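See structure below.
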Amino acid sequence: MTEHILSALIFVPLFFALILLLFPSENKLSFKTGTLLATSIQLFIALVLFSRVQVGNNLLKGVDGNFQFVEKYDWISLNLGNFGRLSIDYFLGVDGLNISMVLLTAIVLFIAAISSWTIKKFTKGYFLLFLVLDASIMGSFLALDFFLFFLFFEFMLLPMYFLIGIWGGIRRNYASIKFFLYTLLGSVFILIIMIGLYTSVIDPAETAVNLGIVDNLKDVQELNVKFVQDALQKEQIPASLQVHTFSIPAMMDVKNYVPGSFFALGSDYSVLGLPARLFAFLLIFIGFAIKLPAVPFHTWLPDAHVEAPTPISVILAGILLKIGGYGILRIGYSIFPEGGIHFAWWVGFIGVVSIIYGALNALAMKDLKKLIAYSSVSHMGFVLLGIASMTIEGINGAIFQMFSHGLISSALFLVAGVIYDRTKDRMIENYSGLAILMPAFTVAVIITFFASLGLPGFSGFVAEVLVFLGSFNSAISNGLLPKWFTVVAIMSLVLTAGYYLWTIQRMFLGKTWTRNKEFVVDLKDLNYREYFMFVPLITLMFLFGIFPSLMLNIINISADHFIDFVLANGNSNLNFLNK
215 MTEHILSALI FVPLFFALIL LLFPSENKLS FKTGTLLATS IQLFIALVLF SRVQVGNNLL
275 KGVDGNFQFV EKYDWISLNL GNFGRLSIDY FLGVDGLNIS MVLLTAIVLF IAAISSWTIK
335 KFTKGYFLLF LVLDASIMGS FLALDFFLFF LFFEFMLLPM YFLIGIWGGI RRNYASIKFF
395 LYTLLGSVFI LIIMIGLYTS VIDPAETAVN LGIVDNLKDV QELNVKFVQD ALQKEQIPAS
455 LQVHTFSIPA MMDVKNYVPG SFFALGSDYS VLGLPARLFA FLLIFIGFAI KLPAVPFHTW
515 LPDAHVEAPT PISVILAGIL LKIGGYGILR IGYSIFPEGG IHFAWWVGFI GVVSIIYGAL
575 NALAMKDLKK LIAYSSVSHM GFVLLGIASM TIEGINGAIF QMFSHGLISS ALFLVAGVIY
635 DRTKDRMIEN YSGLAILMPA FTVAVIITFF ASLGLPGFSG FVAEVLVFLG SFNSAISNGL
695 LPKWFTVVAI MSLVLTAGYY LWTIQRMFLG KTWTRNKEFV VDLKDLNYRE YFMFVPLITL
755 MFLFGIFPSL MLNIINISAD HFIDFVLANG NSNLNFLNK
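Just so we're aligned, residue 215 is where the sequence shown starts under our numbering, counting upward by one.
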């Protein structure tokens, strides 16, 4: 039943997109119903996957091998003559680094499909692009081949560009172009490193087959892999017989690097005075920090959020930002662990700056959607701080923060969407006393705001506490981060409380008043569709806040393995580079 479950997660939305492509544009209900059905099936598959993950006896490790539900097939294979052979695999798998992101993606896309029910303009185009975006996001989290990951990562740009540019607000053209250019710039940095890695790394198993040591991949044993790696390091394998790969697990082992290649550990190559591998980490980090986004690469986010329609804002904040954090973990730290150790202080510092800067900007915003956008910049800073700490608490906290923030930020943008759908006005100063007109909505807003604030009992509290513990412990356990990073980050909670409580006081408490008197008629309480969006998200915020072990038990095993891998290999490689 679970043999091709990962492929199903990717291709179910594409299958529905192909079917809906045949429907006439006038049949708007078909596109809405079809998209909702596709995301419902995808959510069901994701829940089955999550329930079938085996975590007993340290079974779930992943990171550099031993992934679960693996699907690996030869996709593109080209004989390049004297340059060896090119091998690109359709390679999918899950571990503790991505299983939470897969579940989050399915949840948020289901909610976004419900939110999209109000879309009226060019309905067919909107929902087809929605389903393509769905498949691209899911593929990015599941891919373990760098080329396949990059393909999905890049393909997200196209539907997102049109979804903002066609269905967005007044300045939608500016916002969509800015989003596209920023993300494309980050992709260029990632592409440069991907090409360099391909020329540097071989697949020892496929090379063993190419050398005639074994007949096929199924017969390859660990001894065969070790033999090929030893022969490679002794330069005993001709270039024409080497099989170059984009496999991320293969790239994580320095024994698979061709001696003298650009990213080989003993390489003499340097860029701007930095060893090639450290420079590569820097480019990878910037590429994914733009997507996260981290200060100073964040300026595209407020514009994109303000102009995007509500469902796309939900997807953007709930999922797309998480690909930045996931990419830093899966590719940056995993392939270049010495870069993570070398630049740990700067990664943590950027995280702290993002936390404070985002909170200060949110405090100054008059537009509700911009306030929420800057709060996302602030909260994603906790992800960087947790990653930089390289402690078990910090990594668990960073991954759990991505999952928790995905739920909370989705609800936050639904809050802004409820107001905007009724009045086409998001200015905080134009409303007062909404609690009287919209009591159920006010309850949903207060719960969501307090969850984002990090109140105990919500998932955000657990995530932030773990990040604080990890960053503080880093000064003691590995010396990567100073203690004052944690102190400053904790102070941001006061700012967070400030902008949320102030918004509640201005918009919802006191005497009912709106700048435009006609708004009073339009400001009706939540309808059944909106209840169906808020209730699941709020329930999950409580569920993972009260029972965080439901997720942490799965994350923890891979996080522990990840830290051991990065610290051991990072320090070893760094010592080698500093000789």
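We put the beta carbon where it would ideally sit given N, CA and C, even for glycine. No experiment lies behind these values; they were computed from the predicted model shown.
Straight-line gap, Leu695 to Ile771 (C-alpha atoms, nearest Å) | 23 Å
Taking buried to mean at least 16 other C-beta atoms within 10 Å of its own C-beta, is Gln256 buried or exposed?
-> buried
What first and last residue would you give for the beta strand (DSSP E) that runs through Gln282?
-> Gln282 to Asn293
Of the residues Ala320, Leu543 and Pro238, which one's Cα is nearest the Cα of Ala773?
-> Leu543
Going along the chain, which residues of its own chain have a beta-carbon closer than 6 Å to the beta-carbon of Ala222, five neighbours each way excluded?
-> Ile259
Ser454, buried or exposed, once every other Cβ within 10 Å from all chains shown has been counted against 16 = exposed
Residues that Ile302 bridges to, as DSSP identifies them | Ile290
Going by alpha carbons, who is nearest to Asn767 out of Met408, Gly553 and Val267?
-> Val267
Hey, how far is the Cα of Ser548 from the Cα of Val528?
-> 29 Å
What does Val308 pair with, by DSSP beta-bridge criteria?
-> Gln282
State the Cα-Cα distance for the pair Thr421 and Ile500, rounded to the nearest angstrom.
-> 33 Å
According to the Cβ coordinates, are Ser301 and His512 closer than 8 Å?
-> no
With 16 as the cutoff for other CB atoms within 10 Å, does Thr216 come out buried or exposed?
-> exposed
Around the C-beta of Arg729, are 16 or more other C-beta atoms found within 10 angstroms, so that it is buried, or is it exposed?
-> exposed
Count the C-beta pairs between the segment 624-638 and the segment 700-719 that are closer than 8 Å, then say yes if the count reaches three, no if not.
-> no
Find the nearest neighbour of Gln282 within the set Leu343, Arg299, Ala357 and Ile642, judged by alpha-carbon distance.
-> Ala357
Beta carbon of Leu582 nearer than 8 Å to that of Ile642 = yes
Got a sec, what are the start and stop residues for the beta strand (DSSP E) His458 sits in?
-> Val457 to Thr459
Specify whether the segment 230-249 and the segment 319-336 touch according to this definition: at least 3 beta carbon pairs, one from each stretch, less than 8 Å apart.
-> yes
How far does the alpha helix (DSSP H) with Lys638 in it reach, from first residue to last?
-> No alpha helix (DSSP H) contains Lys638, which DSSP labels as neither H nor E.
Would you call Tyr340 buried or exposed, if buried means 16 or more other Cβ atoms sit within 10 Å of its Cβ?
-> buried
Quick one: Cα of Ile752 to Cα of Phe746, how far?
-> 11 Å
DSSP three-state assignment for Asp429, whether helix, strand or coil | coil
Starting from the N-terminal side, write out each stretch of the alpha helix (DSSP H) that is 4 residues or longer and does not extend beyond the segment 340-411.
-> 360-369 and 371-381
CA-CA distance, Arg386 and Phe495?
-> 33 Å
Looking only at C-alpha atoms, which of Val442, Glu732 and Val284 sits nearest to Val472?
-> Val442
Does the distance from the C-beta atom of Val520 to that of Ile564 stay below 8 Å?
-> no
Counted within 10 angstroms of its Cβ, other Cβ atoms place Pro452 as buried (16 or more) or exposed | exposed
With DSSP collapsed to three states, give me the class of Ser481.
-> coil
Enumerated in chain order, which unbroken segments of the beta strand (DSSP E) with a length of 3 residues or greater are wholly contained in the segment 444-525?
-> 457-459
Hey, Ala518 and Phe393 are a contact pair by Cβ (cut 8 Å); roughly how many whole angstroms apart?
-> 5 Å
For Asp417, three-class secondary structure by DSSP = coil
Go ahead and label Pro507 buried or exposed: buried means 16 or more other beta carbons lie within 10 angstroms of its beta carbon, across all protein chains shown.
-> buried
State the start and end residues of the unbroken alpha helix (DSSP H) segment that holds Asp736.
-> Phe733 to Asp736
State the beta-bridge partners of Asp581 as determined by DSSP.
-> Met641
Just how far apart, CA to CA, sit Gly538 and Val284?
-> 23 Å
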